[in-house]
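So the structure is just underneath, and the comments pick up after that.
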Amino acid sequence: MAVCSSVPISDLLDRASQGSDKLHALSTTISQDLNSHFPPIGRVIMPRPSMCHTSSLQTPSDKQQALQVSESDLLSLARSLLQAWSDPLLMGPAAQTISLLPFSGGNDIGQDRISQLINFNFLLSCFRRDSHKIDSFLKVLRCRATKTQPQMC
Amino acid sequence: MRRDLRGALLLLLTAAVQSSSMSAPGKPVLLSCRSPEKETFTCWWEPGSDGGLPTTHHLYYERERLEGTYECPDYLSAGRNSCFFDKNHTSIWVDYYLTVMASNALGNATSDPFKMDVMEIVKPDAPENVTLQVEEREASPCLNVRWMPPSNTDTKSGWVTIKYELRVNKDNSNNWKEYTSGTQTHFSLYSVSPGGVYTVQVRCLLDHGSWSEWSNTTFVKISNYLQNERPLSMLISILSAILFIMAGLILIAKRKSVKQWVLPPVPGPKIRGITSQLLQSGGSDDVGNALIIKQSFPPIYFVWEDQMEDYLIVTENEDWLSSISQKRKKSLIPACFHFDSEIHSKKLCGFSETCGKRNVKHVDYSRVKEVKGDNVLFLEKEKVQSSGYMDFQRQEGIPEDYSRVKEVESDNLVVLQKQNAADMSCKDEGNHYTDCALHKPRKPVCTELSDSGYVDTIPAPPLM
Chain B
1 MAVCSSVPIS DLLDRASQGS DKLHALSTTI SQDLNSHFPP IGRVIMPRPS MCHTSSLQTP
61 SDKQQALQVS ESDLLSLARS LLQAWSDPLL MGPAAQTISL LPFSGGNDIG QDRISQLINF
121 NFLLSCFRRD SHKIDSFLKV LRCRATKTQP QMC
Chain E
1 MRRDLRGALL LLLTAAVQSS SMSAPGKPVL LSCRSPEKET FTCWWEPGSD GGLPTTHHLY
61 YERERLEGTY ECPDYLSAGR NSCFFDKNHT SIWVDYYLTV MASNALGNAT SDPFKMDVME
121 IVKPDAPENV TLQVEEREAS PCLNVRWMPP SNTDTKSGWV TIKYELRVNK DNSNNWKEYT
181 SGTQTHFSLY SVSPGGVYTV QVRCLLDHGS WSEWSNTTFV KISNYLQNER PLSMLISILS
241 AILFIMAGLI LIAKRKSVKQ WVLPPVPGPK IRGITSQLLQ SGGSDDVGNA LIIKQSFPPI
301 YFVWEDQMED YLIVTENEDW LSSISQKRKK SLIPACFHFD SEIHSKKLCG FSETCGKRNV
361 KHVDYSRVKE VKGDNVLFLE KEKVQSSGYM DFQRQEGIPE DYSRVKEVES DNLVVLQKQN
421 AADMSCKDEG NHYTDCALHK PRKPVCTELS DSGYVDTIPA PPLM
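Order-wise, the sequence lines are chains B and E. For the first sequence, counting from 1, position 133 maps to 133 in the UniProt record's numbering; every step adds exactly one. For the second sequence, counting from 1, position 390 maps to 390 in the UniProt record's numbering; every step adds exactly one.
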């Protein structure tokens, strides 16, 4: 009978943190690249179509709150965020597919280019935010799990 | 009337105000906001014109998931025209909407709204305490750089992830070389060489935000004397170099004796008295003399024991008796020497009897029977060839006719009677034996081998 040696949680969290770090890096780069095409004023006054589809998730909003959340809760939050973005992130040429995206309005985002651009920009900002959350939560968890290795924090 | 007065006053005031160009403030502009540690943030604005009147500015904000409009909690901590949000008022992953309002006696002016999320404005302070340490290694030195994270960042809870970057330049050039350090707070530079001044700066970022400013410049000079810090090896190398040079000089000075020692000359045959100088410069006379006289070779006398008896002198000349009798005492025949053609032979015959007209033959040393003293060789009897030594000497023309034997002197002298008839002609002419070459007692001749190879006859020296 083969026995799998268990992988310590610290190693798993380290591996996960590295993945979330890359994810957040990518989302930041894409968002910044897209924003560079908008004038700063236009970016500021751009209306938010709605709230991000993951806004219903109650997540900590500062460091103090985040450090008070238990490990299991933090982990489940991270997992929920990831799951929310894995399914609905369909980028298809047809506008119809885009409408599947989590808009509270549930309507078509519109055929015109500006609408598409605005909505896409909004989507990316939500994604960037949520990827940052995931990354932050996992790194807090990793630091907590490796008390003996301060370089992990 | 009062209405007219009020109206007039207002007009006057307006006129007064307008003439001194006082107005409502201009529109302020929100410049930027920044969070150094993902826990607080500060925003700055630029006021517009103040309209000539004292103007105050207020910052108001609204926040996602927060109802209401709020004013800036702290206008002072961050300096003029700024608003500082402390930890209690800072939330991340929510949008803030900020506006600044300028107001004076004459009016207000409101800036454009500024939307921001703390996540987007993270920019840390520069790293602190950058130290450089030169590490002396055998092959080349290396530079150890160490620094501290900015003091206001939290490195204990994992709330922020700090990444570092450093840049180096040599001798204050504008050519910076950049290196990524990751999350380490130390870095080693290996491409450094002695004698250069190296300047190092470090910066950092949090969570894929913006880079901080470069830290203060820290520089170090890597001195050349590092290479001399191994005095022992230097000393040894210098000493050995001196020794080598000295040995080389000695060798060069004594190269002749060294050469002799290494390659000893093969001794060649040395003939006393003959030197290369003599051979080159001297004539054949000198060489011959040197060979004979100076060598102290005694002339070798060859003695043919048996031939002593065969030695026969046939003559008609009675005068010979006395001379030969003297000679008989000796009963020794000095030999002529025949030399190799390399050394030109000279007149070497000191004595006459045995010298023939022709070449003198080599002495065959195989016939040596006995050696007496250092110059007498007894040779065995051998059949003497015609070109060899004459075993007898006869006067020319005298036939081998022993009928006229007049006298026999000792054991090797035969005197013949003079012929009458045949001789008369000779005698008649007096004592000149001109035509009677036959009668003429010829003096013993000795050959002389000249250089030309001709054999000349010369009168022999007087007999001993």
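All C-beta atoms in this analysis are idealised placements derived from N, C-alpha and C, irrespective of residue type, glycine included.
Checklist entry - Using a C-beta cutoff of 9 Å, does residue 151 of chain B count as contacting chain D? => result Any reference to chain D falls outside this structure, whose protein chains are B and E.
Item to check | Closest residue to residue 126 of chain E among E/23, E/250, E/214, E/24 (Cα-Cα distance) | outcome: Your numbering for residue 126 of chain E matches position 126 in the second sequence. Checked all of E/23, E/250, E/214, E/24; the closest Cα to residue 126 of chain E is E/214.
Checklist entry - Taking only runs of the beta strand (DSSP E) that begin and end inside the UniProt domain "Fibronectin type-III" (24-125) of chain E, which ones reach a length of at least 3 residues, in chain order? => result 29-34, 41-46, 56-63, 66-71, 82-85, 95-104, 107-110, 114-117
Item to check | Span of the alpha helix (DSSP H), counted from its first residue to its last, around residue 169 of chain E | outcome: Numbered from its first residue, the second sequence carries residue 169 of chain E at position 169. Segment 162-170 is the beta strand (DSSP E) holding residue 169 of chain E; no alpha helix (DSSP H) there.
Next on the checklist: I need the straight-line Cα distance from residue 498 of chain E to residue 89 of chain E, nearest angstrom please.
Outcome noted: The displayed coordinates of chain E run from 1 to 464. Any statement about residue 498 of chain E would go beyond what the structure contains.
Item to check | DSSP-derived helix/strand/coil call for residue 58 of chain B | outcome: Here residue 58 of chain B corresponds to residue number 58 of the first sequence, with the count starting at 1. Three-state DSSP puts residue 58 of chain B in coil, outside helix and strand.
Checklist entry - Is residue 6 of chain B buried or exposed, if buried means 16 or more other CB atoms sit within 10 Å of its CB? => result Locating residue 6 of chain B in the first sequence gives position 6, where the first residue counts as 1. By the neighbour-count rule (16 or more Cβ atoms within 10 Å), residue 6 of chain B is not buried but exposed.
Item to check | Continuous alpha helix (DSSP H) stretch holding residue 35 of chain B: start and end | outcome: Looking up residue 35 of chain B in the first sequence gives position 35. Residue 35 of chain B -> alpha helix (DSSP H) spans 9-35.
Item to check | Per-residue DSSP class, three states only, for residue 126 of chain B | outcome: Along the first sequence, read from residue 1 onward, the residue named residue 126 of chain B stands at position 126. Looking at residue 126 of chain B - three-state DSSP - the assignment turns out to be helix.
Item to check | Beta carbon of residue 34 of chain E nearer than 9 Å to that of residue 121 of chain E | outcome: Locating residue 34 of chain E in the second sequence gives position 34, where the first residue counts as 1. Locating residue 121 of chain E in the second sequence gives position 121, where the first residue counts as 1. It is a contact, given that the beta carbons lie within the stated cut-off.
Checklist entry - Is it buried or exposed for residue 138 of chain E, if we count other Cβ within 10 angstroms and need 16 for buried? => result Residue numbering aside, residue 138 of chain E sits at position 138 when the second sequence is read from its first letter. Classification of residue 138 of chain E: exposed, given that the 10 Å Cβ count is below 16.
Item to check | Extent of the continuous beta strand (DSSP E) to which residue 38 of chain B belongs | outcome: Numbered from its first residue, the first sequence carries residue 38 of chain B at position 38. No beta strand (DSSP E) contains residue 38 of chain B, which DSSP labels as neither H nor E.
Next on the checklist: Pop quiz: residue 53 of chain E and residue 100 of chain E are said to be a contact at Cβ under 8 Å. What is the actual Cβ separation, rounded to whole angstroms?
Outcome noted: The residue you call residue 53 of chain E lines up with position 53 of the second sequence. The residue you call residue 100 of chain E lines up with position 100 of the second sequence. The Cβ separation is near 17 Å, so there is no contact.
Checklist entry - Under 7 Å Cβ-Cβ, which residues of chain E neighbour residue 7 of chain B? => result The residue you call residue 7 of chain B lines up with position 7 of the first sequence. Going along chain E, no residue has its Cβ under 7 Å from residue 7 of chain B, so there is no contact; the nearest lies around 20 Å.
Item to check | Endpoints, alpha helix (DSSP H) assigned at residue 258 of chain E | outcome: Locating residue 258 of chain E in the second sequence gives position 258, where the first residue counts as 1. Unbroken alpha helix (DSSP H) run through residue 258 of chain E: 255-262.
Item to check | Helix, strand or coil at residue 208 of chain E according to DSSP, with G and I counted as helix | outcome: Counting from one through the second sequence, the residue named residue 208 of chain E turns up at place 208. The answer is coil: DSSP assigns residue 208 of chain E none of H, G, I, E or B.
Checklist entry - So residue 147 of chain E is in the beta strand (DSSP E); what residue range does that whole segment cover? => result Counted from its first residue, the second sequence places residue 147 of chain E at position 147. Element bounds for residue 147 of chain E: 142-148.
Checklist entry - Looking at residue 192 of chain E and residue 172 of chain E, is the spacing between their C-beta atoms short of 9 Å? => result Counting from 1 along the second sequence, the entry for residue 172 of chain E is found at position 172. Counting from 1 along the second sequence, the entry for residue 192 of chain E is found at position 192. Contact: no.
Item to check | Option nearest residue 168 of chain E by Cα separation, candidates E/189, E/153, E/68, E/160 | outcome: By 1-based counting over the second sequence, the position of residue 168 of chain E is 168. Of the listed residues, the one whose Cα sits closest to residue 168 of chain E is E/189.
Checklist entry - Span of the beta strand (DSSP E) holding residue 403 of chain E? => result By one-based count along the second sequence, residue 403 of chain E stands at place 403. Segment: none, residue 403 of chain E is in no beta strand (DSSP E) and carries neither H nor E.
Next on the checklist: Buried or exposed, going by whether 16 or more other CB atoms sit within 10 Å of the CB of residue 72 of chain E?
Outcome noted: Here the question's residue 72 of chain E lines up with position 72 in the second sequence. Its Cβ being crowded by 16 or more others within 10 Å, residue 72 of chain E is buried.
Checklist entry - Taking all protein chains shown into account, do 16 or more other C-beta atoms lie within 10 angstroms of the C-beta of residue 98 of chain E, making it buried, or fewer, making it exposed? => result On the second sequence, residue 98 of chain E is found 98 positions in, with the first residue counted as 1. Classification for residue 98 of chain E: buried.
Next on the checklist: According to DSSP, is residue 121 of chain B part of a helix, a strand, or is it coil?
Outcome noted: Residue numbering aside, residue 121 of chain B sits at position 121 when the first sequence is read from its first letter. Note: residue 121 of chain B maps to helix in three-state DSSP.
Next on the checklist: Only counting the same chain, and skipping five residues up and downstream in sequence, which positions put a Cβ closer than 8 Å to that of residue 124 of chain B?
Outcome noted: In the first sequence, counting from the first residue as 1, residue 124 of chain B sits at position 124. Within the same chain, residue 124 of chain B has close Cβ partners 27, 30, 31, 34.
Checklist entry - Would you report the Cα separation of residue 96 of chain E and residue 126 of chain B, rounded to the nearest angstrom? => result The sequence position of residue 96 of chain E within the second sequence is 96, counting from 1. The sequence position of residue 126 of chain B within the first sequence is 126, counting from 1. Taking the straight line from one Cα to the other gives about 15 Å.
Checklist entry - Which residue from E/151, E/39, E/185, E/160 puts its Cα closest to that of residue 153 of chain B? => result Numbered from its first residue, the first sequence carries residue 153 of chain B at position 153. If we check each option's Cα against that of residue 153 of chain B, E/160 comes out closest.
Item to check | Proximal residues to residue 128 of chain E (C-beta, below 8 Å), its chain only, five neighbours per side dropped | outcome: As a position in the second sequence, residue 128 of chain E is number 128, starting the count at 1. The answer, listed in chain order, is 147, 148, 149, 150, 151, 215.
Checklist entry - Exposed or buried, which one is residue 63 of chain B when buried takes at least 16 other CB atoms within 10 Å? => result Residue mapping note: residue 63 of chain B aligns to position 63 of the first sequence, counting from 1. Answer is buried; the Cβ neighbour count reaches 16.
Next on the checklist: Spatial neighbours of residue 187 of chain E within its chain, please: C-beta separation below 7 Å, excluding the five flanking residues on both sides.
Outcome noted: The count along the second sequence starts at 1 and reaches residue 187 of chain E at position 187. Excluding positions up to five away in sequence, the list reads 145, 166, 179, 181.
Checklist entry - residue 101 of chain E CB to nearest chain B CB: under 9 Å? => result Here residue 101 of chain E refers to the residue found at position 101 of the second sequence. No, no contact with chain B.
Checklist entry - Would residue 46 of chain E count as contacting chain B if we go by Cβ distances under 9 Å? => result Against the second sequence, residue 46 of chain E aligns to sequence position 46. For residue 46 of chain E, the answer is no, since every Cβ of chain B falls outside 9 Å of its Cβ.
Checklist entry - Should residue 203 of chain E be labelled buried (16 or more other beta-carbon atoms within 10 Å of its own) or exposed? => result For this step, residue 203 of chain E is matched to residue 203 along the second sequence. With 16 or more Cβ atoms within 10 Å of its Cβ, residue 203 of chain E is classed as buried.
Checklist entry - Closest by CA to residue 93 of chain E, which one among E/81, E/112, E/39, E/134? => result Translated into positions along the second sequence, residue 93 of chain E becomes position 93. Of the candidates E/81, E/112, E/39, E/134, the one whose C-alpha sits nearest the C-alpha of residue 93 of chain E is E/39.
Item to check | Start-to-end residues for the alpha helix (DSSP H) that takes in residue 151 of chain B | outcome: On the first sequence, position 151 is the one that residue 151 of chain B refers to. That residue, residue 151 of chain B, is in no alpha helix (DSSP H); it is neither H nor E in DSSP.
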